[in-house]
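Peer 1: Dumping the structure here so I can ask a few things about it.
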Amino acid sequence: MGRRVNVAGVGMIKFAKPGASEEYDVMAAKAGRAALQDAGIRYEEIEQAFVGYVYGDSTCGQRAVYGLGLTGIPVINVNNNCSTGSTALYLARQAIEGGLAECVLALGFEKMEKGALGAKYDDRVNPVERHVDVLNRTQGFASGPLTAQMFGGAGREYQWRYGTKRETFAKISEKARKHASKNPYALFNQPLTVEEVLASEEVFDPLTRYQCCPPTCGAAAVVLCSDEFARKHGISKPVYIAAQSMTTDLPSSFEESMIKMVGFDMAAKAAKQLYERAGIGPEDVDVVELHDCFTANELLTYEAIGLCKEGEAEKFIWDGDNTYGGKFVTNPSGGLLSKGHPLGATGLAQCTELVWQLRGQAEQRQVEDARIALQHNLGLGGACVMTLYRRD
Numbered sequence: 005m006g007r008r009v010n011v012a013g014v015g016m017i018k019f020a021k022p023g024a025s026e027e028y029d030v031m032a033a034k035a036g037r038a039a040l041q042d043a044g045i046r047y048e049e050i051e052q053a054f055v056g057y058v059y060g061d062s063t064c065g066q067r068a069v070y071g072l073g074l075t076g077i078p079v080i081n082v083n084n085n086c087s088t089g090s091t092a093l094y095l096a097r098q099a100i101e102g103g104l105a106e107c108v109l110a111l112g113f114e115k116m117e118k119g120a121l122g123a124k125y126d127d128r129v130n131p132v133e134r135h136v137d138v139l140n141r142t143q144g145f146a147s148g149p150l151t152a153q154m155f156g157g158a159g160r161e162y163q164w165r166y167g168t169k170r171e172t173f174a175k176i177s178e179k180a181r182k183h184a185s186k187n188p189y190a191l192f193n194q195p196l197t198v199e200e201v202l203a204s205e206e207v208f209d210p211l212t213r214y215q216c217c218p219p220t221c222g223a224a225a226v227v228l229c230s231d232e233f234a235r236k237h238g239i240s241k242p243v244y245i246a247a248q249s250m251t252t253d254l255p256s257s258f259e260e261s262m263i264k265m266v267g268f269d270m271a272a273k274a275a276k277q278l279y280e281r282a283g284i285g286p287e288d289v290d291v292v293e294l295h296d297c298f299t300a301n302e303l304l305t306y307e308a309i310g311l312c313k314e315g316e317a318e319k320f321i322w323d324g325d326n327t328y329g330g331k332f333v334t335n336p337s338g339g340l341l342s343k344g345h346p347l348g349a350t351g352l353a354q355c356t357e358l359v360w361q362l363r364g365q366a367e368q369r370q371v372e373d374a375r376i377a378l379q380h381n382l383g384l385g386g387a388c389v390m391t392l393y394r395r396d
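The opening position of the sequence shown corresponds to residue 5 in this note's numbering, with each subsequent residue numbered one higher.
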């Protein structure tokens, strides 16, 4: 077991629609400065930087941190699809835990284009080709965005298995918007009813427009440090990483199941490892930020990470056990559905929200007496990163 890893500082900017954001290096520098200010340290004390983004040239990470200072430190560029930000966090945590550094920066950003995600290269093998093969075999390729077909198909499979109502998926969006109405960092703050969610344009049944996260631009940053560094700099009672896990695709990802193809078993394995390493169970968790790229994925994730039993997500949702007053508060930030999803920044924005929650700094969306927080960040292709945070 390595050293304890503390979250010394967090920071993010308000996300923006494509075409309405600043340049990626400007956004990243702002988020980085916010995290450094939160930690109460200078950039010169950062020993390494792990910088995540998906859409950009090969050394965008260097350009991003150069806005913070020119100190000559190692800068490692990270790309792991939608789990990029939390993968940067994973690497930064390893550097501290393994004794290779005392203070490390994890930074993530994205400047995205309008419209659905698409492949950038057509002259080489697509990394999600095997996932698309599962889609073709199980439901056939249809019109509409590929990711919506994948996660929508997983939602359909769940409906066929358990008879889940369309309203149940829409209720997740209703909850997301209600939470986001109290989050000044969320892109969409306007509440929506289940009826309004269902009335929005259909993207891929059972998903409507308001059940799909939007392409977004933004940045977030986290400063990690050792206990010794925290003591030296007067950082008292910090939030710390109690456990972390990362999984990639398993043989079951490529069986005849859309649910498994979009990462159910990856998440289940990551959750099992996480709870074992932390010595606690999901019942001990107070607040959760999970990867709600589509409402179908949030529903599936409830079961994959043990917030409820398999087949019980619909009851879990309608009983209100996913919000304030229930068993768990999931995505108090509004999640990807409302906050937005700049791929490289998402995992670090999730971390930022959870750290604020454990510090009691989440203002109107504060989860009462939050002490243990759970993060789930998923990327197709594939990777699932889960992190458990505590503040004693």
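Positions of the beta carbon are idealized from the N, C-alpha and C atoms, including for glycine.
Pairing CB atoms from the segment 49-67 with CB atoms from the segment 313-327, are three or more of them under 8 Å?
Peer 2: Flag = no, the segment 49-67 and the segment 313-327 do not touch.
Peer 1: Tell me the residue span of the beta strand (DSSP E) that contains Cys107.
Peer 2: The residue you call residue 107 lines up with position 103 of the sequence shown. Taken as a continuous stretch (DSSP letters only), the beta strand (DSSP E) holding Cys107 covers Cys107 to Glu114.
Peer 1: Can you tell me whether Asp81 is buried or exposed, with buried defined as 16 or more other CB within 10 angstroms of its CB?
Peer 2: Numbered from 1 along the sequence shown, position 77 holds the residue referred to as residue 81. Looking at the sequence provided, one finds Asn at residue 81 rather than Asp. Per the 10 Å Cβ criterion, buried.
Peer 1: When the Cα of Asn10 is compared with those of Asp127, Val227, Ala190 and Arg141, which residue comes out closest?
Peer 2: Taking the first residue of the sequence shown as 1, we reach residue 10 at position 6. Measuring from the Cα of Asn10, the nearest candidate turns out to be Val227.
Peer 1: Determine the DSSP secondary structure at Tyr244, reduced to helix, strand or coil.
Peer 2: One-based indexing of the sequence shown puts residue 244 at position 240. Strand, per DSSP.
Peer 1: At what residue ranges does the segment 139-199 contain a whole run of the alpha helix (DSSP H), taking only runs of 4 or more?
Peer 2: Counting whole runs of 4 or more residues, the segment 139-199 contains the alpha helix (DSSP H) stretches 150-166 and 170-184.
Peer 1: Can you tell me whether DSSP reads His135 as helix, strand or coil?
Peer 2: Within the sequence shown, numbered from 1, the residue matching residue 135 stands at position 131. Correct three-state label for His135: helix.
Peer 1: Using C-beta distances below 8 Å, list every residue in its chain close to Met16, excluding the 5 sequence neighbours before and after it, in chain order.
Peer 2: In the sequence shown, residue 16 corresponds to position 12, counting from 1. These residues qualify, in order along the chain: Ala35, Ala38, Tyr189, Gly222, Ala223, Ala224, Ala225, Ala349, Leu352, Ala353 and Thr356.
Peer 1: With which residues is Glu372 paired in a DSSP beta bridge?
Peer 2: As a working note, residue 372 is residue 368 in the sequence shown. In DSSP, Glu372 forms no bridge with anything.
Peer 1: Could I get the ranges of all uninterrupted beta strand (DSSP E) runs contained in the segment 332-387, with 3 residues as the minimum, in chain order?
Peer 2: Whole beta strand (DSSP E) segments, 3+ residues: 376-383.
Peer 1: Just mark Ser230 as buried or exposed, buried being the case when its beta carbon has 16 or more other beta carbons within 10 Å.
Peer 2: Here residue 230 corresponds to residue number 226 of the sequence shown, with the count starting at 1. Buried, by the Cβ-count rule.
Peer 1: Specify the secondary structure class of Asn130 as computed by DSSP and reduced to three states.
Peer 2: Locating residue 130 in the sequence shown gives position 126, where the first residue counts as 1. Three-state DSSP puts Asn130 in coil, outside helix and strand.
Peer 1: To the nearest angstrom, how far is the alpha carbon of Val58 from that of Asn381?
Peer 2: Sequence index remark: in the sequence shown, residue 58 carries index 54 (1-based). Sequence index remark: in the sequence shown, residue 381 carries index 377 (1-based). Going by the C-alpha atoms only, they are around 15 Å apart.
Peer 1: With distances taken Cα to Cα, identify the nearest neighbour of Gly285 among Ala377, Glu199 and Asp209.
Peer 2: For the purposes of this step, residue 285 is taken as residue 281 along the sequence shown, with counting starting at 1. Gly285 has its Cα closest to that of Ala377, out of Ala377, Glu199 and Asp209.
Peer 1: Would DSSP call Gly36 helix, strand or coil?
Peer 2: Looking up residue 36 in the sequence shown gives position 32. Residue state, collapsed to three classes: helix.
Peer 1: Can you tell which of Ser342, Lys276 and Ile309 has the C-alpha that lies nearest to the C-alpha of Asn193?
Peer 2: On the sequence shown, residue 193 is found 189 positions in, with the first residue counted as 1. Selected option, being the one with the closest Cα: Ser342.
Peer 1: Taking 8 Å as the cut-off, decide whether the C-beta atoms of Gly344 and Phe145 are in contact.
Peer 2: Residue 344 sits at position 340 when you count from the first residue of the sequence shown. Residue 145 sits at position 141 when you count from the first residue of the sequence shown. No; because the gap between Cβ atoms is not below 8 Å, this pair is not in contact.
Peer 1: Between Pro242 and Ala12, is the Cβ-Cβ spacing less than 8 Å?
Peer 2: On the sequence shown, residue 242 is found 238 positions in, with the first residue counted as 1. On the sequence shown, residue 12 is found 8 positions in, with the first residue counted as 1. Result yes, Cβ atoms of Pro242 and Ala12 sit closer than 8 Å.
Peer 1: Taking Ser87 as the reference, which of Asp42, Leu111, Tyr70 and Ala68 has the closest Cα?
Peer 2: As a working mapping, residue 87 is identified with position 83 in the sequence shown. Of the listed residues, the one whose Cα sits closest to Ser87 is Leu111.
Peer 1: Let me know the secondary structure DSSP gives Arg8 once reduced to three states.
Peer 2: Counted from its first residue, the sequence shown places residue 8 at position 4. Three-state DSSP puts Arg8 in coil, outside helix and strand.
Peer 1: Considering only residues of the same chain and omitting the five flanking positions on each side of Gly65, which have a CB-CB separation below 6 Å?
Peer 2: Within the sequence shown, numbered from 1, the residue matching residue 65 stands at position 61. If we look at Gly65 and ignore the five residues flanking it on each side, its Cβ neighbours are Val55, Val79 and Asn81.
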